[in-house]
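K.L.:
The structure is given below, and queries will be raised subsequently.
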Amino acid sequence: MNTLDRRVSVVIPVRNGERYLAEALESILGQSTSPGEVVVVDDGSTDATPSVLERYSAHVRGVRQSPAGVAAALNHGIALAHGTLLAFLDADDVWLPDSLRCRVTRIDAADEPDAVFGRMQQFATPISTRHASPVSASIRRHATSHCSGRCSCERARLRGSARSIRAIRLLRTSTGCRERARSAYGQPKCPKS
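Numbered as in my numbering, the sequence shown ends at 322 without a single skipped number.
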């Protein structure tokens, strides 16, 4: 059964993400607990990212900005978000179907954490299927058996060319976390003159 949690705003920064953005959006829209809104900030894409956003315009608020970097895109998305809980996803990552429910359950716990971070499973998209979505069933099965249901407050973040089945970074906005989230992603870089 799919439930809606209007408190949750998902923010996705993207630049030239046409290859994986649809899959990331499908993983959000396919959650057992749906977010109240999804805000995608296109940071000056030169590929077909705007076309992907247009296909999802009934479910996603897409905004475009001049290229300013991921920090500026995240800050823009945070400023536009209406929810009291902020969740973040990179445009080339995906969530497992119960990820949002799991994190919301944890943030609603009696100890009232300000933020919830979880585990992730890294995977690589095979070269032969680079332009194909979705994540294969075997990858989802493997990640589900290793990650599902494990809500923890540890931060796991890997960078590189591999993609991730990403656990949600979920922050409260009512306790000043909106400003902490903005500062955690740093100030936008000034364009070179």
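Note that the Cβ used here is the ideal one computed from N, Cα and C, for glycine as well.
Treat the numbers as computed from the prediction; the structure is a model and nothing was measured.
Give me the DSSP bridge partner(s) of ILE157.
P.N.:
Per DSSP, none; premise fails for ILE157.
K.L.:
Name the two residues that bound the continuous beta strand (DSSP E) containing GLU241.
P.N.:
Counting along the chain, GLU241 falls outside any beta strand (DSSP E), and DSSP gives it neither H nor E.
K.L.:
Can you tell me whether VAL140 is buried or exposed, with buried defined as 16 or more other CB within 10 angstroms of its CB?
P.N.:
Buried, by the Cβ-count rule.
K.L.:
Do the CB positions of VAL181 and GLU147 come within less than 8 Å of each other?
P.N.:
A contact, by the Cβ cut-off of 8 Å.
K.L.:
Among residues of its own chain, excluding the 5 on either side of ASP134, which ones have a beta-carbon nearer than 8 Å to its beta-carbon?
P.N.:
Closer than 8 Å at Cβ, skipping near neighbours: THR162, SER163, PRO164, GLY165, LEU214, LEU229, VAL233.
K.L.:
Helix, strand or coil: how does DSSP classify VAL233 here?
P.N.:
Helix, per DSSP.
K.L.:
By Cβ distance below 8 Å, which residues in the same chain neighbour ALA151 in space, the five residues on each side in sequence not counted?
P.N.:
Cβ within range, chain order: VAL181, ARG184, TYR185, SER262.
K.L.:
Checking 8 Å against the spacing of the C-beta atoms, do TRP224 and SER138 come in under that value?
P.N.:
The answer is no: Cβ separation not under 8 Å.
K.L.:
For VAL143, which residues in the same chain have their Cβ closer than 8 Å to its Cβ, ignoring the five residues on either side in sequence?
P.N.:
Taken in chain order, the residues that qualify are LEU150, VAL169, VAL170, ASP171, ASP172, SER174, THR178, ALA202, ALA220.
K.L.:
Rounded to whole angstroms, what's the CA-CA distance from ARG190 to ASN204? Just pull it up for me.
P.N.:
Approximately 15 Å between the Cα atoms of the pair.
K.L.:
By DSSP's criteria, ILE141 is part of a beta bridge. Which residues make up the other side?
P.N.:
Paired residues: VAL169.
K.L.:
For ALA239, does the count of other Cβ atoms within 10 angstroms reach 16, so buried, or fall short, so exposed?
P.N.:
With fewer than 16 other Cβ atoms within 10 Å, it is exposed.
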